[in-house]
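Enquirer: This structure is in structure tokens; I'll ask about it shortly.
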Amino acid sequence: MKNNVYDSTVLINAALDDTQIESIITRIKDFIASNNGELREFENWGRKRLAYMVNKSKIGYYAVFRFDAPSNLISKLDRLYTLDEQIFRFLTIKLSKEALEHIEKNKTLSVAAEEEIIPTSVVETTEEDIKLKTEDNDNK
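Numbering (this note's numbering), first residue to last: 1410 to 1549.
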């Protein structure tokens, strides 16, 4: 069976402490791996303010998983998300080739931008410079 690339965004209860959130994330990673999936990338977006109340909470914890998996894994993963009361919302999508190319292009651009260091010049201002500037302003 051919594996597809999926992107799964999960909204977890932010009221949990970090160890509980990490255990939920680890459980999802292990579930993907144990069902013939391979995790490509994990992004931890952290706690974010929600646009509206979800399960009586104004803050949620976001985690994004990008993985290769057979299509039958998605229904099992959705069931795992649904049965866990600490997972408020989730969205799993299949990524197209164009989307993957776009993601890779953005990654290379961001890495290149981080590597490029633009030196900044430091200019010392002396008391004489300040006096000259104030005199210039007074003359105007």
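For glycine and all other residues, C-beta sits at the position ideal for the given N, C-alpha and C.
Keep in mind it's a predicted model, so treat the numbers as computed, not measured.
Just to confirm the assignment: which complete alpha helix (DSSP H) runs, minimum length 4, are found wholly within the region 1422–1456?
Expert: 1427–1443, all fully within the region 1422–1456.
Enquirer: Helix, strand or coil, according to DSSP, for Asn-1413 in the structure here?
Expert: In this structure, Asn-1413 counts as strand in the three-state DSSP scheme.
Enquirer: Could you say which of Lys-1485, Val-1414, Thr-1435, Ala-1423 lies nearest to Lys-1467 if we only look at CA atoms?
Expert: Selected option, being the one with the closest Cα: Ala-1423.
Enquirer: Mark Asp-1416 as exposed unless 16 or more other C-beta atoms lie within 10 angstroms of its C-beta, in which case mark it buried.
Expert: With 16 or more Cβ atoms within 10 Å of its Cβ, Asp-1416 is classed as buried.
Enquirer: Which whole-angstrom value describes the C-beta separation of Tyr-1470 and Ile-1421, a residue pair presumed to lie in contact below a C-beta threshold of 8 Å?
Expert: Tyr-1470 to Ile-1421, Cβ: 4 Å. Contact.
Enquirer: Closest to Leu-1500 by CA distance: which of Asp-1439, Gln-1429, Ile-1512, Ile-1483 is it?
Expert: Selected option, being the one with the closest Cα: Ile-1483.
Enquirer: Taking Asp-1487 as part of the alpha helix (DSSP H), name the residues at either end of that continuous run.
Expert: Counting along the chain, the alpha helix (DSSP H) containing Asp-1487 begins and ends at 1481–1492.
Enquirer: Ile-1434: which of Gly-1446, Asn-1445, Glu-1452 sits nearest, CA to CA?
Expert: It is Glu-1452.
Enquirer: Tell me, to the nearest whole angstrom, how far the beta carbon of Leu-1509 is from that of Val-1414; I am working on the premise that it is less than 8 Å.
Expert: Right, the Cβ-Cβ distance comes to about 6 Å (below 8 Å), so this counts as a contact.
Enquirer: For Arg-1436 and Asp-1477, which I take to be in contact (beta-carbon distance under 8 Å), what is that distance rounded to the nearest angstrom?
Expert: With a Cβ gap of about 19 Å, Arg-1436 and Asp-1477 do not count as contacting.
Enquirer: Does the distance from the C-beta atom of Phe-1497 to that of Val-1463 stay below 8 Å?
Expert: Their beta carbons are under 8 Å apart, which means Phe-1497 touches Val-1463 by this criterion.
Enquirer: In the DSSP assignment, find the beta strand (DSSP E) that holds Leu-1500 and state where it starts and stops.
Expert: Segment 1496–1503, the beta strand (DSSP E) holding Leu-1500.
Enquirer: Going by alpha carbons, who is nearest to Asp-1493 out of Ser-1432, Asp-1427, Lys-1411, Asn-1412?
Expert: For the residues Ser-1432, Asp-1427, Lys-1411, Asn-1412, the minimum Cα distance to Asp-1493 belongs to Ser-1432.
Enquirer: If Phe-1440 sits next to Leu-1504, beta carbons under 8 Å apart, how far is it from one beta carbon to the other, in whole angstroms?
Expert: That belief does not hold up - the Cβ atoms of Phe-1440 and Leu-1504 are roughly 19 Å apart, past 8 Å.
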